[in-house]
Each structure stands twice: as structure tokens, then as C-alpha cells.
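Numbering (our numbering), first residue to last: 83 to 939.
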Ligand code: SF4
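Below is the structure:
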């Protein structure tokens, strides 16, 4: 490329026509193995990958060494706090602490802390940023310390945008030039850009041909310190796309359709790869939206190969001619270029015809529940109240938010919203008075499209001005609700609904007091915001009536494809992504923070935000063994990481708030998400502190309480755990299907470790949380659902006997579980270890990631 030569792993030369039968994702894993491994281990791993071709499935495990790590401020804070604490341990053992640094690049976006406190006013961006800086000042000083002290850690300050948008627009190179020291001297290699991210939506980057997926913060720590991540060669589900999206459809509609179809098909833990003739009809922006929702359809990836649309995207976002040429030349040469006619071997194939897709929303409580607009009122019927408000609709739109990386990174989606706003403004429409409106784009670059097209004033005119650049409403940081909605919630006189362009709508996700939410495209968010009432059928009836009595329908506002394309093309010419990013990186409030730069972080015992955690002194293998345990909690299906370690603001009347107030925390600081703190005492008290958690041990338990079984006393969960620990008793948590769904936050596993939970026994686990449990040395045990359903539920007084001896442990090995009933009978359950790889066994034996890293250091 441009007169330069690169070494490559020449996959076609090495593997001939057999390579064509492998899905693209497996070719990337193959390249990684050939490049990073040696000798017999490499040969075995290569043979295992080609062995996969026989059945499209494999039990073999392979190592994967990603090139970089992506994190956000919520998941990076505990990880960086762990590293700071590990440095302390090294210093206490006479080892130079500055030796401990990540060995691959780590990018951290400070995006999860923006709250929508001010909205629908011209200075909302700067006011919200000021609030954010004030509330998070201590934690941000710590992050600044990390960026000054830990080599390889780059922190992108508040205002630069959402991690996945920045990754698409700035960080991803698709193919990297990597300098390596070989025996023959220095060599420059061209290699695929690969990553892991401590966020479940990391697969968004799959939209531009970069292989990456979400992992827990603990798994990321192993990778940062040079250990590979081990994975079972995945089942690869091919999703064959045919047909073409209709004129009124958006990529959001496609993503919701894919989510529903793949959830029905069951692709949990699988790699998904899109192929077929219609992939070529989708822009890189469309693909990124679909790839982003991989965790919602349950997959590890949602991969699209590299092709002409990838190159166009690199050009549009300002990557150099050389970079574009390198990507194309490399992908074509190494068999990684996507061919629309190619039909590699997949574990199974699912067909999706784009012609069948209409205009959709998903909800009201799960992202996979896709609906036509006409079906929304029926879906809400079951959510009623006995004494409805005479002033507001039964299901008023409380929040209408254009939010999230998913649907605000693609300028086409924002432009469509802007065009709806322009037409609504022309009709003189305004949102209902009870609707909280907001627009938080993925980055300043994507927002600048709205400025250049002149659509921003239209959005502002109807209340959808920009409130900042970050996760905001999507992560539950939606700020206070409007007065009428607050009153309705306090009186219980209705069931308010959120309309958002996010990706998750679990009860309490976007606001602790909202249980209902519909996911939709940004343009539809505006329509619902204007309608103000989720019971309106926007497919058939008017959204609003103008001042002169003319009904305005959705079709009157909806832009044509040509209108969107014209605006996009006009704004594209003058786009300068790099300039917008660099300007945001200069955030003076961030760079003005007075942060320490010593090799050891100066902990402050009085801090309510940061405390040196105890994990670096965990005893090896401490939680394995043969034992009888009391169930600390008995839970049902679909326990999310939000249930385990809530991400929303700390409620003012709660155990956590009481603790903080005792320590002199200022009342208004309680708004700060619990999960952002690097304070293990807060997180210990916050574990399971969610009003939606139902503990089946006993009816009617207060929030975050359980029964201490030996005494029968009802007490806070953490106090019960402490009493068991003091008495030398073991405890476990029992759950149903899909335990640990949702965000990747590792506090959900660390919280259980702090409670001294030895094992979680569940019918199934979500991938990232399962890995986080192992990262904390906690054994996940999979219970056979049929056996559980056929026997009496775990009841007060039952004890669980587990045989999980360290020496006998191997991937997926049987685990003998016996339930000793209070009446003296015993039930036996044929369970198995939910452990996939030898590295995971080593982690469990070491007591978790942190002791293992320290041991290796
Ligand atoms: Fe942020 Fe939401 Fe994207 Fe997660 S999905 S990174 S919370 S915007």
C-alpha cells in the first residue's frame, strides 16, 4: 500500500479452498491463532477450527488475543481501582508498583455519567456537563490519575461521546499496522483490528468488519495484562438477508426484527454473521445498528464483513486514503473481504426477508417484543390502575428521548428525526406538557450533521434540543420527571411510558419509577413525544390537531428516503469527524482537574466514592470445596445485572443512602449512580437493592432484605451474609433461567463475592455475567431446568450440599448437588459446572482474576 510492504498471515496460501468454507468470524480467529501461537499448541488449535467444519460445532477451546480493550467510566472505575489496589500490594511486597501496567491499549470513554437534568433550553449541554463534573469530581480525578500514571490507558473525557460511537468514528482501524520484534529484526505486520469491550454493546463495531464483543470487567483485566481470553469455538449462526427495506423503514426496524427473530430462534452465546445478497443494500450505519443489538438477541457478535460500504464509511469519517487502501488490500488478500454470493458453512442458517419488515417498536418491557404501531394500545391494556387520573391519559409518554449509541450514531437516523421535527414545527405542533424530551447524540460529529443541515433549530423548536453527548437516558440517567408525571406516579393514577431510541426497556431501566418503555427509531420518538399518549394508534389516528383544527398524521410528518438521502449527502461533504472529536477531547473542565500523578493512588479513608477494595487479598481457591450452604436468596427467571447491582440513582430512603448519610455524604450527591462508585462498602450494601427483586425464600420481604435461616430473622441481605460468615456458614444463591442478563457490570459479581456467596446455582446464565462470577472465584453451577420444575421449590430451612472440589473440577464437569429438606428428605440434582475453559478453572482455583494477575506479576 502506497509503496509500503506489510507481513501478513496469508490465510489463502496456508489453507487453500478450505478457507472459503469457514465463516468470516472464524477466519479472523484463525488468523489470530496462527499469528500468536507456536508449535503443537498452534497446530492443535488450527486443526480444531477446521474440525468445526464437520458439524458446525465444536467443544474445543481456543485462545484469542485481542488487540485492544474498550471501556466506559462505569466499568473502568472498578477495574482501574483494582489495578491501583494491586499496585499497593506490589509495593507492600517490595516490588516497584509502576511495573504494573496494561500491556495493550485501553480506551476509556467517560460517557455513562451524563444525566438529563436540564432539557429543552439552549444552555442544556453546558449545564448538564457542569452538573456531571461537580457530581463526579472525585471519581474523575481518579480517572485522570489513571490516564497520567498507567501507560496505555487513554481516557476520553465527558462530551466526546458514547464509547461505541467513538469506536466507530475514531478508534477502529479495521486493519492495523503492528510493529513486532522478530529474530530477523523489526517487522511491520498488517493485522485485523480486534478488541474486547467491557460493555455488552461492543459488537456495534462488527458493523464495519471489526471483530469484537463484550466481556466483563474482570475478563478484560486478564486481557489487559497479556493473557488471552479463552473461548469454546463458537457455533456460528448465519443470518441470510434477502429483499430490501421498504421506503418508510429504518435500520431500527431491521434491528428490532432481527432481535425478535433471533431471540425466538435462540442464539444465546453464538456468533452471528450476516450474509446473503441483501447485505450489500445496507450501509455501514445500518449494519452498526443491527450489530449493536447483539446482546438483545443474545448473541456474542452480529458480524458484517468488510466490503465497499466499509470503505465508504472509513472515507466518510475521515480516515486517510492510505488507511482505506490498506483495509481493502488486506481484506481482499487474506480472504476477509465479504462476497455477497459466498455461502460458507454455518452451524445453522436463519432467513430474514427485508421485504417483510414494517415500522415497528418493541416493548413494553422487553426489547425482543416487536410490535406494529397499531398493536401498542393492546399491549398496554394489561397495565391499568383502579383510579385513573382525570387530567392525564392512562399511559402518558413520560419520556421521549433520542438516546443511545444504537440509534444516534448513524447520521441518517438523526436526519430522519430532524425532518420529522421540521414538518411538526411547520404544523405548529408541540409535545404534551408532561413529556420530558431530550436528544443526546452519540458524538459531536454525528450531531454536527444536524447543524449543517439546519435541522437542529427545528428539533430545538419542539423541545428536542441537545442535552449532551453520552448515554444519558439509555443507561437510566434520565433525570427528574415532569411534575404531572411525578404526581401521577406518587398517586398511582396511571402507568407512564417511556419512548426511547435505546436498546433496553426492562422495568426501571430508563428511570427507576418507569416500568414501561418502547424502543423505536429517533423519528418515531418525536412522533410519540408529540402524541403524548402511548394509547394512540399512530398507524391509523392523528398524532395531534393543529391550532386551526387540522388533524396531523404520522404520514404527514414522515420523510421520504430521497429527502433523507439528499440531506445526508449535502452534510456529508463538509463533515470533519476528526476536528469535532479533537475539539471535544480538549474539554477544559476535565483537563483542569487537579489529579495526582504518583505511582500509588493516594486513597482517602473518608471518601464515599473510592475505597481500596479487598479483592487483591483474596485467598486462592477459597470458595471451592465440598460444603453445605444456606440459600441467601432464591430467585426466579430473568434476574438481570440491574437487579443484582442496580445502575440507577441511589434512592434517598435506602440502606445505601443511610450508610452514606452516616458518613456525611451530601444529600444531593445521592443522585449519583451507585454502580459508578469505586467504593466496595457502598456496592456491598447495594447488592440486590432493587425493588423489582422478588426473593422467593419468603413472601413480602422488604427491599434488599432476606431471612437469616438459622434464626428466622428478617434483615438486610448484607447483614445476613455477614452473620453467616461470622458463624462460619456457607451461602449460595439460587436462580432460574437467564441469570445475569443485561449489562456487563462486574459489580454484580463483585457484590456477591463481598457477600461471601460461594456458588450461584441457576438454570442458565447470561454469558458475560457467568464469566464475571468466575472472575471473582465464584462457581456458577447449571441446574437442569426439568429437574428443578419437577421437585418442590427451595424453601425456608432447606440446605444445599455441593461437591465442587478444586482437584475434581474441569470444564462442564458434573457437580453433585443435594437439597436437604427441612423435613429430613433429600433431593438429588444432576447439575454441572457452568465453566467452559481451562483458563476459567485456573481462575476459580486462584480465587479469581486479581489474585491470578498478582501471582503472575
Ligand atoms: Fe451507553 Fe446505552 Fe450505548 Fe450502553 S447501550 S453504551 S448505556 S448508550
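We put the beta carbon where it would ideally sit given N, CA and C, even for glycine.
Since the structure is predicted, the reported quantities are computational estimates derived from the model, not experimental observations.
### Task
Out of 118, 711, 911, state which residue places its alpha-carbon closest to the alpha-carbon of residue 309.
118
### Query
What are the boundary residues of the alpha helix (DSSP H) that includes residue 549?
Taken as a continuous stretch (DSSP letters only), residue 549 belongs to no alpha helix (DSSP H), as it is neither H nor E.
### Task
Kindly list the residues whose CB is nearer than 8 angstroms to the CB of residue 814, restricted to its own chain and excluding five residues on each side of it in sequence; keep chain order.
711, 712, 713, 714, 839, 840, 841, 842, 843, 882, 884
### Task
Go through its chain and collect everything with a Cβ distance to residue 107's Cβ below 7 angstroms, but skip five positions before and after it.
293, 318, 353, 355, 383, 385
### Task
Entirely within the stretch 216-295 and at least 4 residues each: give me those alpha helix (DSSP H) ranges in chain order.
219-231, 245-248
### residue 146 (DSSP reduced to helix, strand or coil)
strand
### Message
Across the stretch 765-774 and the stretch 719-734, are there enough close Cβ pairs to call them in contact, namely three or more that are closer than 8 angstroms?
### Response
yes
### Query
residue 654 by DSSP, collapsed to three states: which one?
helix
### Message
Let me check one thing: in DSSP terms, what residues is residue 419 bridge-paired to?
### Response
388
### Query
Using the C-alpha atoms, what's the distance from residue 350 back to residue 822?
13 angstroms
### Message
Taking 6 angstroms as the cut-off, is the beta-carbon of residue 585 closer than that to any non-hydrogen atom of ligand 1?
### Response
yes
### Query
If you draw a straight line from the alpha carbon of residue 579 to that of residue 372, how long is it in whole angstroms?
24 angstroms
### Message
What does the alpha-carbon distance come out to for the pair residue 501 and residue 323?
### Response
29 angstroms
### Query
residue 795 bridges to which residues according to DSSP?
790
#### Entry: Distance between residue 86 and residue 271 (C-alpha atoms, nearest Å)
11 angstroms
### Query
Looking at residue 522 and residue 545, is the spacing between their C-beta atoms short of 7 angstroms?
no
### Query
Going by other Cβ atoms of all chains shown within 10 Å of its Cβ, with 16 needed for buried, is residue 261 buried or exposed?
exposed
### Query
Is the closest heavy atom of ligand 1 to the C-beta of residue 191 under 6 angstroms?
no
### Query
According to DSSP, what are the bridge partners of residue 521?
484, 548
### Query
So, are the CB atoms of residue 195 and residue 218 less than 7 angstroms apart?
yes
### Message
Does the beta-carbon of residue 860, which I'm using as the reference point, lie nearer than 6 angstroms to any heavy atom of ligand 1?
### Response
no
### Query
Thinking C-alpha only, which one of 126, 213, 284, 97 is nearest residue 825?
284
### Message
Which complete beta strand (DSSP E) runs does the stretch 816-888 hold, if anything under 3 residues is left out?
### Response
839-844, 861-864, 881-886
### Query
Pairing CB atoms from the stretch 178-198 with CB atoms from the stretch 551-565, are three or more of them under 8 angstroms?
yes
### Query
Roughly how many angstroms lie between the CA atoms of residue 865 and residue 675, to the nearest whole one?
50 angstroms
### Message
Tell me whether residue 238, by its Cβ, gets closer than 6 angstroms to a heavy atom of ligand 1.
### Response
no
### Query
With distances taken from CA atoms, which of 464, 929, 242, 89 is nearest residue 154?
242
### Message
Less than 7 angstroms between the C-beta atoms of residue 377 and residue 278, yes or no?
### Response
no
### Query
What separation, rounded to the nearest whole angstrom, lies between the Cα atoms of residue 282 and residue 906?
44 angstroms
### Message
Would you say the beta carbon of residue 333 is closer than 6 angstroms to some non-hydrogen atom of ligand 1?
### Response
no
### Task
Assign residue 328 to one of three DSSP states: helix, strand, or coil.
coil
### Task
Specify the secondary structure class of residue 355 as computed by DSSP and reduced to three states.
strand
### Query
If we call anything under 7 angstroms between Cβ atoms a contact, is residue 547 one with residue 206?
yes
### Query
What separation, rounded to the nearest whole angstrom, lies between the Cα atoms of residue 343 and residue 806?
45 angstroms
### Query
With distances taken between CB atoms, is the gap from residue 516 to residue 459 smaller than 7 angstroms?
no
#### Entry: Beta-carbon proximity list for residue 489, same chain, < 7 angstroms, skipping 5 on both sides
334, 371, 495, 583, 603, 604
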